[in-house]
Amino acid sequence: MAISLSSLTSSFSSLSFSSQISSKPRTLSLPRIRSPPNAAPLRRNRPSAIVASSSSTAVASVAGGTFAPTTAGLEGMSLEKYVKSRLPGGFAAQKIIGTGRRKCAIARVVLQEGTGKVIINYRDAKEYLQGNPLWLQYIRTPLVTLGYDSGYDVFVKAHGGGLSGQAQAISLGIARALLKVSENHRAPLRKEGLLTRDSRVVERKKVGLKKARKAPQYSKR
0 MAISLSSLTS SFSSLSFSSQ ISSKPRTLSL PRIRSPPNAA PLRRNRPSAI VASSSSTAVA
60 SVAGGTFAPT TAGLEGMSLE KYVKSRLPGG FAAQKIIGTG RRKCAIARVV LQEGTGKVII
120 NYRDAKEYLQ GNPLWLQYIR TPLVTLGYDS GYDVFVKAHG GGLSGQAQAI SLGIARALLK
180 VSENHRAPLR KEGLLTRDSR VVERKKVGLK KARKAPQYSK R
């Protein structure tokens, strides 16, 4: 029994890992690359951004091809420049001008000989009025009545109210501007009711009522 115990202790001592494994973990160290003292500091290369200026019309080359900036902002800016070139001195300096009003909307209209373009607040009329056929008809009616649907370009500055009120205000402004072209236009325009200022507005709400005239439900008891 004593022999077996001594042989076991000798075998365990031979299997001890204390002499082979160190208590401190080894770390992998990489050599540092030192730059020479006169070398310039390294900077990270950032991708160059292509900036399209609204005032310039330059064409940037991308991947061997050409890319023309056709954003809505550039189109609006070019249309604004076009209107200013057609109206030197602004709206007030023009001769054929008319002012129309409807509800809270006010429109200043300038007519010039052209091809029938209608520009409202430096935007195309169809785009500005959201393609609504009724509102576009309001604008075209005075010109079509006199046969000038493709004889004049219309430039408009409108503000206040909604699109429906602005369209009717533009119609009155065009009719009044056509009177400055010739006094003979008064009779056909008056016959169609295009020179009458529509004075109807929304009636104010009353105290104790839900709206202008709508009352709450009556209860006897």
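Numbering that gives the first Met the number 0 numbers the first residue of the sequence shown as 0 and each following residue consecutively.
The C-beta atom is built at its ideal place from N, Cα and C for all residues, glycine as well.
>> Here's a check: name, in chain order, each residue in its chain whose Cβ is nearer than 7 Å to the Cβ of Leu178, leaving out the five neighbours to either side.
In response: His184 and Arg185
> If we count Cβ pairs, one from each stretch, closer than 8 Å, do we get three or more for the region 163-174 versus the region 124-144?
Replying inline: yes
> Hey, how far is the Cα of Gln111 from the Cα of Gly146?
Replying inline: 15 Å
> Near Ser52, what residues of its chain come up, given a Cβ to Cβ distance below 8 Å and the 5 sequence neighbours on each side ignored?
Replying inline: Only weak support exists for where Ser52 lies, its pLDDT of 41 falling under 50; the coordinates are left without a value.
>> According to DSSP, simplified to helix, strand and coil, what is Arg189?
In response: helix
> Does the beta-carbon distance from Ala157 to Ile138 come in below 8 Å?
Replying inline: no
>> By alpha-carbon positions, which one of Thr114, Ser181, Gly172 and Tyr151 ends up nearest to Asp227?
In response: There is simply no residue 227 to check, as the chain begins at 0 and stops at 220 in what is shown.
> Quick one: what does DSSP say Tyr151 is sitting in, helix, strand or coil?
Replying inline: strand
>> Excluding the 5 residues flanking Pro141 on each side, which residues of the same chain have their C-beta closer than 7 Å to its C-beta?
In response: Ser170, Ile173, Ala174, Leu177, Leu188 and Leu193
>> Within 10 Å of its beta-carbon, does Arg109 have 16 or more other beta-carbons around it, so buried, or fewer, so exposed?
In response: Residue 109 is actually Val in this sequence, not Arg. Label assigned to Val109: buried.
> Can you tell which of Tyr217, Lys209 and Leu78 has its C-alpha closest to the C-alpha of Lys116?
Replying inline: Leu78
> Applying the criterion that 16 or more other CB atoms from any shown protein chain within 10 Å of the CB defines a buried residue, is Arg101 buried or exposed?
Replying inline: buried
> Taking the alpha carbon of Arg85 as the point to measure from, which residue in Leu208, Val155 and Arg212 has its own alpha carbon closest?
Replying inline: Val155
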